[in-house]
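In numbering that gives the first Met the number 0, the protein residues as written are 0 to 139.
Built from N, CA and C at the ideal position, the CB exists for glycine as well.
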Amino acid sequence: MYYLQTKASFDAAHFLWKYEGKCRNIHGHRWNVVAKIKSQELEREGQTRGMVVDFGNLKNDLKVFCDYFDHSLIYETGSLKAETVAALQKEEFHLEEVSFRPTAENFAYYFYKKLTDSGYGVHCVEVYETPNNCAVYEEE
0 MYYLQTKASF
10 DAAHFLWKYE
20 GKCRNIHGHR
30 WNVVAKIKSQ
40 ELEREGQTRG
50 MVVDFGNLKN
60 DLKVFCDYFD
70 HSLIYETGSL
80 KAETVAALQK
90 EEFHLEEVSF
100 RPTAENFAYY
110 FYKKLTDSGY
120 GVHCVEVYET
130 PNNCAVYEEE
């Protein structure tokens, strides 16, 4: 089995709705995303002969997915009042609404699916919200 790994990062704020702890408040992270790709075989012909995938393409795709959230406030659907969202949008803040609770665990799944849907054979995705705290998603 061959494995490739690349990483990208984004800076964004979030909060955990209906959570009894410090993370219920808006706070930021430098989210580091590590994607590990797997393949039983290497490409046999063409420009990517001898490779699992072109690192440049993989790196670019992961960066595009991360850049979507960069310097935004990520919030879960229903967690902010419509008036709050409208006021923040009026002030031209970058908001990104997601259908999931914005945890490292859910982001690991999110990026796993984005890469899988792009045709990559994903082994796992790790998402670090701090240098020491990481969530990993992989399928069996």
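Residue of the options minimising C-alpha distance to residue i
i, options, result
"R100", "Y1, Y2, K6 and F14", "F14"
"D10", "D69, I25 and Y74", "D69"
"E125", "T115, T47, Y2 and F106", "F106"
"D60", "G118, S78 and G45", "G118"
"S98", "Y108, K6 and C123", "Y108"
"Q39", "L72, V52, V33 and R29", "V52"
Secondary structure of residue i, DSSP reduced to three states
i, result
"R23", "helix"
"V52", "coil"
"L41", "coil"
Environment of residue i [buried if 16+ CB atoms lie within 10 Å]
i, result
"A86", "exposed"
"H26", "exposed"
Counterpart residues of residue i in DSSP-defined beta bridges
i, result
"K6", "V33"
"Y67", "Y67 pairs with nothing; no bridge assigned."
"Y1", "S38"
"Y136", "V124"
Could I get the ranges of all uninterrupted beta strand (DSSP E) runs contained in the segment 69 to 125, with 3 residues as the minimum, in chain order? 71 to 75 and 94 to 97
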